[in-house]
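To start, the structure itself, in structure tokens.
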Amino acid sequence: HNLNYWQFGDYLALGAGAHGKVSFPAGNRILRYQKTRLPEHYLQGQGSRSRQPLELAPGERPLEYFLNTLRLVAGAPQALFSARTGVPLAQVQGALGRLKSEHLLTMEGRNIACSPLGLRHLNHVLARLEDSLDAG
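Sequence positions in the sequence shown follow this note's numbering and run 14 to 149.
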């Protein structure tokens, strides 16, 4: 099941304290939510309600996507980015290009992935990516 998370897939929240992610058609809306944490509340029927729903704004989706997919050695297909985030890949090409020029990222073939160096310094890659995306 981790592969689904790391490919920015959807998952349901089942059980006390569980978290879920649901994408709506064409990546126009992504919602994260969690169930009540306390088992007694969940068992009393309060668990059927979601708490703390959070809709990911389009500007947040690229980083959320890369926080997941760059954990995979093979990365993820370039086409998956737009399909899962609803954001055009062209919008993040500059940030990806900067990381590629520093040998932290590869875009060989059809996948976006960390290089071996990038995998060793994944937190640094993600922080740089966040800074680049925030800067536009």
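Glycine included, C-beta positions come from ideal geometry on N, C-alpha and C.
(message) According to DSSP, is Glu73 part of a helix, a strand, or is it coil?
(response) coil
(request) Report yes if the CB atom of Arg111 is closer than 7 Å to the CB atom of Ser145, and no otherwise. (result) yes
(request) Identify whether Asn124 lies in helix, strand or coil by the three-state DSSP scheme. (result) strand
(request) Kindly list the residues whose CB is nearer than 6 Å to the CB of Arg45, restricted to its own chain and excluding five residues on each side of it in sequence; keep chain order. (result) Lys34, Leu67
(request) Would you mind working out which of Val138, Ala89, Gly28, Phe21 sits nearest His54, comparing C-alpha positions? (result) Gly28
(message) Do Leu85 and Trp19 count as a contact pair if the criterion is CB distance below 7 Å?
(response) yes
(request) Return the CA-CA distance between Gly148 and Gly30, expressed in angstroms with no decimal places. (result) The sequence as given places Ala at residue 148; Gly does not occur at that position. Cα to Cα, Ala148 sits roughly 35 Å from Gly30.
(request) Check whether the stretch 90-101 touches the stretch 119-139, counting contact only when three or more Cβ pairs, one atom from each stretch, lie closer than 8 Å. (result) yes
(request) Return the chain-ordered list of same chain residues with a C-beta closer than 6 Å to the C-beta of Pro52, the five sequence neighbours on each side being excluded. (result) Ala29
(message) For Gln57 and Leu142, I'd like the C-alpha separation in whole angstroms.
(response) 43 Å
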